[in-house]
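The block underneath contains the structure these notes are about, expressed in structure tokens.
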């Protein structure tokens, strides 16, 4: 895996902090002596050299010296289990060796700390600090093959490890000695436009204020220095889409009206997001290459240091190979402003830091001097009863923002080129790592679930076991505090941080017994019964395959990866194809990144697999949301499936046989006197009812959440039944289809989609032309799924009525079916019900619809003001506690209401499980749950992660599949629940669980019927919270939308769906720490801007505003230019040609559209045939060259041997002559 962050230059303190983080030693103490070997022969600095740069200028007085000594002891504690007294002597000796203090001062400091020491021990530490290697820090390894001139300009010796100060200077955009880099232009950081003009972020600026801005003044008319004002006005107009130097009257008028220059309206948040274009000067980019967990486990448990070194070297070599490709892309020194005159290839440099573990973190809530609450992140300490980290082999590669051309011109990295490439490079690293390990006899496979390389000999359960600690830092801290007789939740921030430094217990609850990382890992392995053996199989190293065979294997593997993407999206990016190709090379092996081009060429030439069928690719040039040119890809199968859907819809809509008449609808409405359609909303419902009833054989209705679709369906179901029709209801999931029985349909005739289609195929369900099939929650269906229904309708002739909302949760499978249906029917022929009656209060109805209609900012601010948006201070655990507290509060306050209902939804199954577990603990405190009866190993459907599920009487658990039971009251079998049904545990018996369903009946469910057939784990979880997808269609009195991991995983669809379940109110609860972490993650490391509560609110709005609607193949092809149905090789050559022309400062060009599809296909076929022949010829040529080389070597050896023999004979002859 590869992740990256940019780092800010010009922030000295931040650079120092990052330097210390990168230099943190994460090797287990007993392995630290191998650090120099691991650093590839680079000599680390001595402890004295490191200390001299780390603490220069911090030892002016005795108090300062004592504090500095304490800091060094604290740092050393991270990398050793030695006592504090031993570390104090070591630190003092290091300071003497570094000339920070003299020996007398060292003795005084030790006496002050009451450290018993022997003079010889201090002398030994002084000598060691002067000559030994510094193993207390990771080694900062410069790029070994760095361009010598670039290394000289950066002040780096590639053969030596860097000191902390040198690392900090380089990260800060300077030479290693702290001077400016010769020849490099130092660009200034840019201040936010809104800040320069002093804009009020809570509203749009007024016309008079904007007139002042265009005049180069603050919004209040204040003066700004002339040059700064000129630049600021230029930036201001640019972010609004205009050039200040050539502003037209229309553009000026639009800007003064608070719009984009082209007249586009902007919300307050959108406007100020454009104004917040401050940018830190970039000093470096931190690429973090992380080995797959199985490789980290193999490294940690390697039986010999030699094997551990082999694994690490494979990791290093994979990084080096990948970085060669990175250099080609971002090592481009631009010419002219923003590269308008092209670019020159350039050399780049980097410094690498190996880390070996990942430790848990704790988020601590603090309050600043102004009283504002904020969150700090702390790593659990590695000292005392410390928390051992999980093994995680990873390398930070800090790429310095300096690029040197062959002509000696110095520029910076071209970071814009990172877009779309990082995931590809991550797969390239994985491919090289797998290839390198195979050469050592390691069986490496492509994991189908993670799509990463995996050591086949390491069980997945072991990898899972060693991936848990990092998830439970707060739980570990809370447990440790309890062991000390303290309540973590009542401690202030200072005391919490003190406990963290003191060291906490293992997150899984076991005492650490002051174990090292390695000892802890070995004990955990023993506990789970894992016995590691060498992964090297030198006798089983497979012979290297020829390139043609290897690329064929990669092509096949890539198709499986790409098929997953094609099943989920009809419109993909060209980078998706390249990433799939790179992942195919993980399975097959890689030589160079050029292999990716060869695999994608095969994908274009020979097509790809989609749903088990081979299909050809179609691509064209498109622009992404930022206006950058990209390659858009779809398939002929997607195109044909969409065309079929549109055709079948259009044809069926024309057939109005069997349509209801006005009279029939009137009679059906009268049969439901409890329903009223007199209000404005009721009239809209009546209009949709008529459109659906009187329409053709395929009709579609779009109704917002809570619009009363069930209400309008009741008379229609009655009318169809009065016609003698049989009415069936289906939805993607059982839970949604069950709700259709409220419309008057028979329960037995409501089914999940898959069951419905299967029963038609096996003859158990007989439909006729008189049948009516109602599809609910239409937006959850993909194109292929809807086509299956439409084809059944075409064969049988039944009427198909579909209802949904494209603004609620989207389908997992590819296709935006409502858009396609509207293409077939015409938008004007799609019934729309745009108002809601679910919410009782008008304000709640308005707020809910704001989420749907794109007025997210106003909706979020409303909820913040009325208290239904709650940002819980702290991290994940604290947010879950806030949810549980709110759950208990709402239940207590509404305990006297018989019909009061409360539900909780959350983005993921993991969140739902963790929240439900926390509620279970609270239920137990309240006496609602008895003692545990059994603990099961469980999992959610489709997820690999398992968890322990303890069950007691009174527990509420969620089912993940259709579940049958033997009901105890009648001793007969029947259905107890479906996927998403929540049931209550009544008893645990030898043969199974006794569960109570929603109907109040108790049924015995056999153990085997609850298990996953592949894993054997129980498909159950605690059921007090559900996912947003599962909750779609639910109506309750109050709802809690819980997002403990923050809003980053929530889009407009999820926000709207989860915010529209209620009749009275919905609460949204998020984590302050998670929101701030996401904001910080988008900023460069070291960015000194304060993250405020306003930033957190804007971040929530930003995420909730996103509407990543799935694009159809038709929509892609309509917006694409230069559409081709040819080979990927043509696409690659086109892109490379365009970039080459750009590199020379020339205008971009594209291939002419006159080349026909047929010519491309013919050339592709010829090219593929020729390629195979060329490869075959080249193989033969190489074989002949090898034979000739061996023959030549043999001849040379013969000649040398003869010459040697002749010389020997001559010497012997001379000796005989002398002797005579």
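In UniProt numbering, the protein residues as written are 1 to 1220.
C-beta atoms are modelled at their ideal positions from N, C-alpha and C, and glycine is treated no differently.
A quick note: this is a predicted structure, and the numbers were derived from the prediction, not measured.
Own chain, CB closer than 7 Å to residue i, minus 5 neighbours either side, in chain order
{"i": "residue 540", "result": "441"}
{"i": "residue 1100", "result": "860, 1047, 1070 and 1075"}
{"i": "residue 244", "result": "233, 234 and 237"}
{"i": "residue 976", "result": "963, 964, 965, 983, 995, 997, 1003 and 1005"}
{"i": "residue 655", "result": "696 and 697"}
{"i": "residue 147", "result": "347 and 404"}
DSSP bridge partner residues for residue i (one or two, in chain order)
{"i": "residue 958", "result": "982 and 1021"}
{"i": "residue 318", "result": "Residue 318 pairs with nothing; no bridge assigned."}
{"i": "residue 1065", "result": "1038"}
{"i": "residue 876", "result": "Its beta-bridge partners do not exist; DSSP assigns none."}
{"i": "residue 903", "result": "1039"}
{"i": "residue 967", "result": "972 and 1003"}
{"i": "residue 454", "result": "445"}
{"i": "residue 1026", "result": "905"}
{"i": "residue 1053", "result": "None, per the DSSP bridge assignment."}
{"i": "residue 425", "result": "Beta-bridge pairing links residue 425 to no other residue."}
{"i": "residue 391", "result": "357"}
{"i": "residue 404", "result": "347 and 410"}
Cβ-Cβ distance between residue i and residue j below 8 Å
{"i": "residue 449", "j": "residue 294", "result": "no"}
{"i": "residue 783", "j": "residue 645", "result": "yes"}
{"i": "residue 348", "j": "residue 336", "result": "no"}
{"i": "residue 1068", "j": "residue 863", "result": "yes"}
{"i": "residue 665", "j": "residue 742", "result": "no"}
{"i": "residue 1124", "j": "residue 620", "result": "yes"}
{"i": "residue 775", "j": "residue 1096", "result": "no"}
{"i": "residue 318", "j": "residue 433", "result": "yes"}
{"i": "residue 52", "j": "residue 109", "result": "no"}
Nearest to residue i (by Cα), restricted to the options the options
{"i": "residue 78", "options": "698, 98 and 136", "result": "136"}
{"i": "residue 177", "options": "167, 319 and 185", "result": "167"}
{"i": "residue 438", "options": "585, 572, 75 and 1000", "result": "585"}
{"i": "residue 844", "options": "1065, 826, 24 and 573", "result": "1065"}
{"i": "residue 420", "options": "282, 225 and 624", "result": "624"}
{"i": "residue 606", "options": "556, 269 and 800", "result": "556"}
{"i": "residue 866", "options": "322, 327 and 847", "result": "847"}
{"i": "residue 918", "options": "933, 879, 1038 and 696", "result": "879"}
{"i": "residue 854", "options": "630, 1102, 797 and 164", "result": "1102"}
{"i": "residue 397", "options": "284, 916 and 1007", "result": "284"}
{"i": "residue 459", "options": "311, 886 and 525", "result": "525"}
Neighbourhood of residue i by C-beta distance below 6 Å, restricted to the same chain and skipping five residues each side
{"i": "residue 1", "result": "290 and 426"}
{"i": "residue 20", "result": "none"}
{"i": "residue 16", "result": "168"}
{"i": "residue 210", "result": "256"}
{"i": "residue 553", "result": "588"}
{"i": "residue 47", "result": "94, 129 and 134"}
{"i": "residue 197", "result": "213, 218 and 219"}
{"i": "residue 5", "result": "286 and 1085"}
Cβ-based neighbour list, residue i, same chain, cut-off 8 Å, excluding 5 preceding and 5 following
{"i": "residue 840", "result": "1063 and 1064"}
{"i": "residue 610", "result": "563, 566, 567, 635, 637 and 638"}
{"i": "residue 685", "result": "677, 707, 708, 711, 712 and 833"}
{"i": "residue 73", "result": "84, 87, 88 and 91"}
{"i": "residue 909", "result": "940, 943, 1021 and 1027"}
{"i": "residue 43", "result": "36, 133, 159, 160 and 161"}
Minimum length 3: unbroken beta strand (DSSP E) runs contained in the stretch 763-842: 772-775, 799-804 and 831-833
Completely contained beta strand (DSSP E) runs for the stretch 571-651, where each covers 3 or more residues: 608-610, 613-615, 617-623 and 629-635
Inside the stretch 970-1016 only - beta strand (DSSP E) runs reaching at least 3 residues: 972-977, 982-989, 992-996 and 1002-1006
Whole runs of the alpha helix (DSSP H) within the stretch 177-228, excluding any shorter than 4 residues: 193-196 and 207-214
Uninterrupted alpha helix (DSSP H) stretches inside the stretch 674-729 (no shorter than 4 residues): 680-694 and 709-722
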